[in-house]
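> Have a look at this one.
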Amino acid sequence: MTQDMQSFWPRLGSLTQAADGLCVSGAEINTISSRYARRLTAAAPCHGRNVVIAHGNSARFFVDLLAVWQAGGCAVCVNAGLTPSELGRIVDFVDAACILTVEGQEISSARPVLDLEKADQEADAHPADLDAAALILFTSGTTGDPKGVVHTHRSIQARIALNAQVIGAETLAKTLCTLPTHFGHGLIGNCLSALLTGGDVIIAGASGISLAQQLSTLIDAHDITFMSSVPALWKLALRLSAPPKGGSLRRVHIGSAPLSADLWRSVADWAGAAEVVNMYGITETANWLGGASSKTHTPQDGLLGTLWGGDAAVLTDNGAIAACGEGELLIRTPSLMQGYYQRPDLTDAAFHQGWYRTGDTGRIDGTGVLTLTGRNKSMINNAGIKIYPEELDLLFERHAQVAEACAFGVEDAVSGEAVALAVVPAGDAPDPSALRTWASEHIRAEALPRQIFVLDAIPKTDRGKINRETVRDHCLAQQKATS
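With positions in the sequence shown counted from 1, the corresponding number in this note's numbering is that position plus 4.
Laid out in structure tokens, this is it:
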């Protein structure tokens, strides 16, 4: 890797914050991030070490990210909404050299907490090579066993190059960032694919209903050509925002959660001449693997299209690897992760004869078109944010009034899935409101159970195992009977 981002990514684009109009050119990003890399090296040498970036969704976030890379460090991007205990768990697990923060963000830690804008000492910074760890994104582990996906500079570069090749420079010219920058879809797919190949990124800043209401206004005001988001945003935007009038929008990606054929068609109508692509990607493959466009495919539930580089296969019920057919989807791609941080057990289990096991079931036809037929059943997908119920079980079972807990997803019209929880009391029945208040000190808002059911016992299989679907159905039936 070379000495600054401008030479490593020679077509570095600009960043604009829609909320306040702040605009930073590619040349300015390079200058500032190089300066911050020298400050980081002086304050907390991080070459070959991990640096936690505890803020996000701003021009400053991307400057700090590039500074970490120029200083030879590995960036650990986390949700700025983590509680102190969640953040502390991640910081300790990665043995962070330091934590990067911004003015107004209060973080207490025994490790160095740095605001690089205010640091005043500098030292020579030396970037790492292409095969060094560049990025750790956590898919679980803030309350339970950590599961951090490690990407190298090479795997990130491979994914961005493939994305840019398929999408095209003209389409990536003006990209709207609508997603959090601490997970792969928002960071790598939505933003870095444009920014590091010469495209300008406009950071929406708003989220939820506020973003949905102003979506077309943002698109027209900034001549947006490309955007990517999750189905939950579109469920709101189609009700709250009229279609854009400027005609700049060329391409829309939708991913991180299942996209129904009906919603796909509705977004295509809203987007006018722009093509709408149902995306398939996972953190372990640096986000997008491929997609199906409304311009070339008739929208269908589960239709994923073809891969953008790499190979796909299925692991059939009899254990064979087949190029077409139905089974667990297997992937080989140059953007594949290095592994799970400090978890060789998980890394080994994720591969089968050199193929990455996605955990998703699907079908591949004779032309290489993928269709998803099933997903990891235990994971709760809240508007693209992945929540692992096993972690919530362990957390709530630490409460003095809970003997056993089982978290599960329930259907939600806006976010796709919301968290619900069944508990067995340890003595007197706990008050659900008090349990939520207690949990809010330990977990982020989207992981808080919307409903808490108090049961005499958690339903189990004849092998003594929990089936979360059975628990969910039992709780909802009980609720219906008493309503």
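Here a beta-carbon is modelled for each residue, glycine too, at the ideal position from N, C-alpha and C.
Per DSSP, which residues does Ser297 bridge with? Please list them.
If you number the sequence shown from 1, residue 297 lands on position 293. According to DSSP, Ser297 bridges with Val281.
> From Pro14 to Leu340, what does the alpha carbon distance come to, in whole angstroms?
The count along the sequence shown starts at 1 and reaches residue 14 at position 10. The count along the sequence shown starts at 1 and reaches residue 340 at position 336. The alpha-carbon atoms of Pro14 and Leu340 are separated by roughly 24 Å.
> Determine the burial state of Ala277: buried for a count of at least 16 other Cβ atoms within 10 Å of its Cβ, exposed for fewer.
On the sequence shown, position 273 is the one that residue 277 refers to. When all chains shown are included, Ala277 counts as exposed.
> Helix, strand or coil for Arg15, going by three-state DSSP, please let me know.
Walking along the sequence shown from the start, residue 15 turns up at place 11. In this structure, Arg15 counts as coil in the three-state DSSP scheme.
> Between the alpha carbons of Thr6 and Arg402, how many angstroms are there, rounded?
If you number the sequence shown from 1, residue 6 lands on position 2. If you number the sequence shown from 1, residue 402 lands on position 398. At Thr6, the pLDDT of 39 sits below 50, so the modelled position is not reliable and the matter cannot be decided from this model.
> In angstroms with no decimal places, state the Cα-to-Cα distance between Thr143 and Thr320.
For the purposes of this step, residue 143 is taken as residue 139 along the sequence shown, with counting starting at 1. For the purposes of this step, residue 320 is taken as residue 316 along the sequence shown, with counting starting at 1. Computed Cα separation, rounded: 27 Å.
> Using CA atoms only, rank isn't needed, just tell me which of Glu90, Leu376, Leu240, Lys464 is closest to Ser211.
On the sequence shown, position 207 is the one that residue 211 refers to. When each option's Cα is compared against that of Ser211, the closest is Leu240.
> Let me know if Ala162 comes out buried or exposed under the rule of 16 or more other beta-carbons within 10 Å of its beta-carbon.
One-based indexing of the sequence shown puts residue 162 at position 158. Label assigned to Ala162: buried.
> By alpha-carbon positions, which one of Gln217, Phe230, Pro131, Gly420 ends up nearest to Ser197?
Numbered from 1 along the sequence shown, position 193 holds the residue referred to as residue 197. Considering only alpha carbons, the answer is Phe230.
> At what residues does the beta strand (DSSP E) containing Asn322 begin and finish?
Along the sequence shown, one-based indexing puts residue 322 at 318. Note, Asn322: premise wrong, no beta strand (DSSP E); not H, not E.
> Identify every run of the beta strand (DSSP E) within the stretch 394 to 465, keeping only runs that are complete inside it and at least 3 residues long; order them along the chain.
Qualifying beta strand (DSSP E) stretches, in chain order: 406 to 416, 420 to 429, 455 to 458.
> Determine the DSSP secondary structure at Asn194, reduced to helix, strand or coil.
The residue you call residue 194 lines up with position 190 of the sequence shown. Helix.
> With Ile456 and Leu480 assumed to form a contact (beta carbons below 8 Å), what rounded beta-carbon distance in angstroms separates them?
Against the sequence shown, residue 456 aligns to sequence position 452. Against the sequence shown, residue 480 aligns to sequence position 476. Not really, about 13 Å apart at Cβ, beyond 8 Å.
> On a CA-only basis, which of Thr20, His51, Leu86, Ile228 is nearest Leu452? Give me that one, please.
By one-based count along the sequence shown, residue 452 stands at place 448. When only C-alpha atoms are compared, the closest one is Leu86.
> What runs of the beta strand (DSSP E), each 3 residues or longer, lie entirely inside the stretch 224 to 297?
DSSP runs (the beta strand (DSSP E)) wholly in the stretch 224 to 297: 230 to 233, 255 to 258, 279 to 286, 291 to 297.
> Start and end of the alpha helix (DSSP H) containing Arg163?
Residue 163 sits at position 159 when you count from the first residue of the sequence shown. Counting along the chain, the alpha helix (DSSP H) containing Arg163 begins and ends at 157 to 171.
> Where does His189 sit, in a helix, a strand or coil, going by DSSP?
Stepping through the sequence shown from its first residue, residue 189 is reached at position 185. DSSP places His189 in helix when its eight states are reduced to three.
> Just to confirm, are Ala136 and Ala101 a CB contact at a threshold of 7 Å?
To locate residue 136, count along the sequence shown from 1; it is residue 132. To locate residue 101, count along the sequence shown from 1; it is residue 97. Result no, Cβ atoms of Ala136 and Ala101 do not sit closer than 7 Å.
> List the residues that DSSP assigns as beta-bridge partners of His356.
Reading the sequence shown from its first residue, position 352 is the one you call residue 356. Its beta-bridge partners are Trp359.
> Going by DSSP in three states, Ala46 sits in which element: helix, strand or coil?
Walking along the sequence shown from the start, residue 46 turns up at place 42. Three-state DSSP puts Ala46 in a helix.
> For the stretch 106 to 119 and the stretch 357 to 374, state whether three or more C-beta atom pairs, one from each stretch, are separated by less than 8 Å.
No, because fewer than three Cβ pairs between the stretch 106 to 119 and the stretch 357 to 374 fall closer than 8 Å, the two stretches do not touch.
> If you run the structure through DSSP and keep just helix, strand and coil, what is Arg64?
If you number the sequence shown from 1, residue 64 lands on position 60. Arg64: helix per DSSP, three-state reduction.
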